[in-house]
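Report on one structure; see the data block that follows.
Number of protein chains: 2
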Amino acid sequence: MKLDDLPTPCLVLDRTILQRNLDTMARAVSRHNVALRPHMKTAKSIDIARLALSNPYGRSQGITVSTLAEAEYFTGHGINDIIYAVGITPQKLDQVAKLNAAGANVTVITDDADAAAAIAAHPSPTRTLIEIDCGEHRGGIDVGDSALLEIAGRLGGRLAGALTHAGHSYTGRTPAEMAAIAETERSAAVRAAERLVQAGYACPIVSVGSSPSALYAERLDGVTEVRPGVYMFGDLFQAEIGTHPEDGIAVTVLTSVIGRRPAERRFLIDAGALALSKDRSTEATPHDFHYGLVLDLNGHRSYGRTLVQRVNQEHGVIEFSSGVALPDLAIGTKLRIAPNHTCLTAAAHDRYFVVDGDNTVAAIWPRVNGW
Amino acid sequence: MKLDDLPTPCLVLDRTILQRNLDTMARAVSRHNVALRPHMKTAKSIDIARLALSNPYGRSQGITVSTLAEAEYFTGHGINDIIYAVGITPQKLDQVAKLNAAGANVTVITDDADAAAAIAAHPSPTRTLIEIDCGEHRGGIDVGDSALLEIAGRLGGRLAGALTHAGHSYTGRTPAEMAAIAETERSAAVRAAERLVQAGYACPIVSVGSSPSALYAERLDGVTEVRPGVYMFGDLFQAEIGTHPEDGIAVTVLTSVIGRRPAERRFLIDAGALALSKDRSTEATPHDFHYGLVLDLNGHRSYGRTLVQRVNQEHGVIEFSSGVALPDLAIGTKLRIAPNHTCLTAAAHDRYFVVDGDNTVAAIWPRVNGW
């Protein structure tokens with residue numbers, strides 16, 4: 020089967036590019052004496068998890084997930100060492116306990132003393148990391164907060180370490196800025212671990228990670244593992260902030276031309292708000308890519324900076340840049356769209372059509388969406 | 020089962036509100052001698068389609084869909100009279116033909132002479148409407164365009180009428196503005212039909228519709244059917260533009276508190292960019308609701324204008340308005356979020372948990388997502 024035969028819109032994954040991205044991150048992490056624990060929130064696929072864990076450059080250990088649906092799916096496929104890196108609620112502990120009773124080792128996170136007490140009171144001993152805020156100000160406690168030892172005390176034997184996520188690394192625009200944020204991330208996690216150890220707790224896991232900080236960290240002393248995720252695919256936002264090459268975007272949306280107004284250099288495609296998402300991350304970067312960059316069927320940048328300018332639910336409007344020769348696109352012509360934010364775009368699709376740098380569909384890989 | 024027992028995030032549909040919304044539109048359309056052909060792109064559910072077609076106030080006839088996945092799903096559930104209201108490509112005709120060979124009557128649309136020729140050349144006789152642009156400037160030809168008769172000529176016996184969609188009705192902010200746009204929509208479709216009839220073609224279907232124009236049209240003479248969709252659920256954007264009551268939003272996202280910083284009046288919830296979508300339609304309206312309005316577990320507006328201020332993939336950040344007494348929300352407390360744009364939010368979920376104005380789950384209804 021060829022890409023040109025596929026129903027549109029659909030999601031295309033170039034395995035050659037994926038493997039290159041996996042190698043780049045594995046090499047970057049191998050500079051440090053830490054494990055790579057890939058975050059599967061972007062890829063949500065057992066086939067991709069297996070590739071990400073097959074690391075010839077260093078040590079990979081388990082995975083990170085963003086939903087309990089992912090935890091269930093991946094344990095069902097034999098990956099048992101999992102950190103569920105979104106704050107746990109008491110109500111979700113039964114599901115975690117069920118997975119662990121069946122042989123998994125799903126570790127949860129909390130930044131709340133009452134939730135810690137509920138974890139400790141639950142009959143199933145769920146390993147738990149304390150979430151530290153290293154500057155993103157989303158989840159987590161400040162490393163100097165007295166709550167750190169209070170939560171540790173409540174967790175007792177459930178305590179397995181400290182975790183932080185420098186989500187604000189995405190505001191960095193240069194390797195030096197990313198390296199500085201990575202050091203903030205490292206030092207917050209390590210200081211939390213030191214406080215815990217000084218207070219007499221074991222702290223076997225010291226977990227940090229975002230793709231920018233994992234890539235640009237200068238040292239990771241004291242850290243045991245990093246958890247990047249979006250590096251597997253990359254996207255236009257990552258390219259704009261300098262953490263990913265623009266020609267290294269592994270995932271694109273295959274779409275068909277469904278309308279044409281060549282006099283206005285405008286075409287309509289069947290990839291709209293649902294197939295591309297309405298994520299506008301590049302609005303904050305030097306070059307705004309609106310809803311995605313238009314590539315040809317081969318994934319090549321044949322149309323300059325031609326963008327998906329606007330979207331409705333199932334319609335995308337593309338306008339060819341004035342500097343580009345206007346192609347003659349019949350109704351039904353296939354194009355590919357590089358995503359603004361790959362995590363959001365991929366989540367609209369239930370499978371990948373996998374190619375190896377060409378137009379032949381070599382495999383179909385399912386994704387685990389939802390909750 | 021109670022709402023409080025459900026895993027979060029998930030989608031809640033209040034059937035009582037849904038029925039009220041269905042009645043309001045059915046009554047509005049019954050003022051005119053036209054059929055209601057509900058657009059299922061928002062609801063994507065056979066259970067909801069059956070309610071929308073059970074119209075005690077007037078005549079309903081068939082449904083509209085936005086994907087071939089919807090067409091296949093609804094014909095599989097016995098609804099055969101369908102307009103697929105996104106421009107067809109030659110490559111998609113086989114799938115339509117297959118549905119029609121099995122007893123369905125899926126009508127397609129085109130605004131392109133070459134596509135019309137492909138439709139005419141296809142062995143299966145697919146009924147086709149010519150898409151007219153009445154001012155949205157997305158798909159469709161101008162009503163005065165010579166292409167109208169050219170496309171009709173190519174379609175020959177496949178021609179079944181004319182269709183237009185006043186997507187720009189969403190720029191209206193008053194009933195008078197909506198009524199004016201509705202008249203533009205009506206007159207474009209009717210003029211197209213008149214031109215076709217004058218040229219000797221039959222034009223049995225004259226189809227218009229968006230929720231605002233269906234609601235506010237003053238006359239629909241010459242029109243045979245209207246195709247509103249979002250009216251079934253409503254959302255904050257529809258409330259802002261005055262086409263839907265804010266207390267008539269039928270769909271909300273149930274979410275759990277997963278973090279708390281009461282000193283900053285800030286809480287973290289497990290409904291983020293994927294569960295809510297990143298649609299920001301209300302950015303263009305008087306009151307911007309960011310990623311949604313925070314309601315209590317009962318769906319009541321207990322927290323004033325407290326909004327989901329920002330989202331990451333699985334995290335939402337809510338900030339309680341300064342004018343509101345800060346509630347004491349433990350980790351795991353359930354809240355509900357009214358969506359900014361309901362079509363996009365609902366599409367992130369694969370089922371509805373149905374309630375009847377209370378907190379008891381009376382049914383679970385699946386949705387047909389994807390393509």
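Protein chains in written order, with the numbering used here: chain A, 20 to 390; chain B, 20 to 390. All residues carry an ideal CB built from backbone N, CA and C; glycine is no exception.
7 Å Cβ cutoff, residue i in contact with chain B
{"i": "Trp384 of chain A", "result": "no"}
{"i": "Leu326 of chain A", "result": "no"}
{"i": "Asp307 of chain A", "result": "no"}
{"i": "Pro28 of chain A", "result": "yes"}
{"i": "Glu8 of chain A", "result": "Outside the modelled stretch of chain A, which goes from 20 to 390, sits residue 8 of chain A, for which no answer is possible."}
{"i": "Arg157 of chain A", "result": "yes"}
{"i": "Ser230 of chain A", "result": "no"}
{"i": "Gln217 of chain A", "result": "no"}
{"i": "Gly389 of chain A", "result": "yes"}
{"i": "Lys297 of chain A", "result": "yes"}
{"i": "Ile277 of chain A", "result": "yes"}
{"i": "Thr379 of chain A", "result": "no"}
{"i": "Ala394 of chain A", "result": "In this structure chain A extends from 20 to 390, so residue 394 of chain A is not present and cannot be described."}
Status (buried if at least 16 other CB within 10 Å, exposed otherwise) for residue i
{"i": "Gln332 of chain A", "result": "buried"}
{"i": "Arg355 of chain A", "result": "buried"}
{"i": "Gln396 of chain B", "result": "Residue coverage of chain B in this structure runs from 20 to 390, which leaves residue 396 of chain B outside it and unanswerable."}
{"i": "Pro109 of chain A", "result": "buried"}
{"i": "Met251 of chain A", "result": "buried"}
{"i": "His319 of chain A", "result": "exposed"}
{"i": "Met20 of chain A", "result": "exposed"}
{"i": "Ser300 of chain A", "result": "buried"}
{"i": "Arg157 of chain A", "result": "buried"}
{"i": "Gly81 of chain B", "result": "buried"}
{"i": "Ser340 of chain A", "result": "exposed"}
{"i": "Thr379 of chain B", "result": "exposed"}
{"i": "Asn317 of chain B", "result": "exposed"}
{"i": "Thr35 of chain B", "result": "exposed"}
{"i": "Gly180 of chain B", "result": "buried"}
{"i": "Pro385 of chain A", "result": "exposed"}
Those residues which DSSP pairs with residue i across a bridge
{"i": "Leu30 of chain A", "result": "A:Val272"}
{"i": "Arg370 of chain A", "result": "A:Pro385"}
{"i": "Gly278 of chain B", "result": "B:Leu287"}
{"i": "Ala181 of chain A", "result": "A:Ile149 and A:Val225"}
{"i": "Val53 of chain B", "result": "None; Val53 of chain B has no bridge partner."}
{"i": "Ser300 of chain A", "result": "In the DSSP output, where bridge partners are listed per residue, Ser300 of chain A has none listed."}
{"i": "Ser79 of chain A", "result": "A:Leu55"}
{"i": "Val162 of chain B", "result": "None, per the DSSP bridge assignment."}
{"i": "Ile356 of chain B", "result": "B:Val272 and B:Val313"}
{"i": "Lys21 of chain B", "result": "B:Thr379"}
Segment limits, beta strand (DSSP E) that includes residue i
{"i": "Ala104 of chain A", "result": "From DSSP, Ala104 of chain A is part of no beta strand (DSSP E); its letter is neither H nor E."}
{"i": "Arg285 of chain A", "result": "Arg285 to Ile288"}
{"i": "Ala123 of chain B", "result": "Element bounds for Ala123 of chain B: n/a, residue is neither H nor E."}
{"i": "Ser335 of chain B", "result": "The question names Ser, yet the displayed sequence has Gly at residue 335 of chain B. Its beta strand (DSSP E) spans residues Gly335 to Glu338."}
{"i": "Gln257 of chain B", "result": "Premise fails: Gln257 of chain B lies in the alpha helix (DSSP H), Leu255 to Glu259, not in any beta strand (DSSP E)."}
{"i": "Leu314 of chain A", "result": "Leu312 to Leu314"}
{"i": "Leu326 of chain A", "result": "Leu326 to Val330"}
Start-to-end residues for the alpha helix (DSSP H) that takes in residue i
{"i": "Ala344 of chain A", "result": "Element bounds for Ala344 of chain A: n/a, residue is neither H nor E."}
{"i": "Gln217 of chain A", "result": "Pro194 to Gln217"}
{"i": "Leu293 of chain B", "result": "Ala292 to Leu295"}
{"i": "Gln114 of chain B", "result": "Leu112 to Ala120"}
{"i": "Pro142 of chain A", "result": "Premise fails: Pro142 of chain A is in no alpha helix (DSSP H) and is neither H nor E."}
{"i": "Tyr92 of chain B", "result": "Leu87 to Gly95"}
Short CB-CB distance (under 7 Å) between residue i and chain A
{"i": "His184 of chain B", "result": "no"}
{"i": "Ile101 of chain B", "result": "no"}
{"i": "Val249 of chain B", "result": "no"}
{"i": "Ser85 of chain B", "result": "yes"}
{"i": "Pro57 of chain B", "result": "no"}
{"i": "Pro142 of chain B", "result": "no"}
{"i": "Val313 of chain B", "result": "no"}
{"i": "Cys362 of chain B", "result": "yes"}
{"i": "Leu118 of chain B", "result": "no"}
Review point. Is there contact here, the segment 30-50 of chain A with the segment 362-381 of chain A, by at least three beta-carbon pairs under 8 Å?
Key: The way I'd put it, the segment 30-50 of chain A does touch the segment 362-381 of chain A; three or more beta-carbon pairs between them come closer than 8 Å.
Exercise for review: Assess, as a yes-or-no matter, whether the segment 193-206 of chain B is touched by the segment 136-147 of chain B under the definition of 3 or more beta carbon pairs within less than 8 Å.
Suggested key: They do not touch, by the three-pair rule.
Exercise for review: Tell me, please, whether the segment 225-244 of chain A touches the segment 36-55 of chain A by the rule of three or more beta-carbon pairs shorter than 8 Å.
Suggested key: With contact defined as three or more Cβ pairs closer than 8 Å, the segment 225-244 of chain A and the segment 36-55 of chain A are in contact.
**Study point:** Contact the segment 200-218 of chain A vs the segment 234-246 of chain A: 3+ CB pairs below 8 Å
**Key:** A contact exists between the segment 200-218 of chain A and the segment 234-246 of chain A.
Check your understanding: Does the segment 101-120 of chain B come close enough to the segment 163-170 of chain B to have 3 or more Cβ pairs within less than 8 Å?
Key -> These segments do not touch.
Practice item. Could you say if the segment 34-44 of chain B and the segment 303-313 of chain B meet the contact criterion of at least three C-beta pairs nearer than 8 Å? Key: Touching, no.
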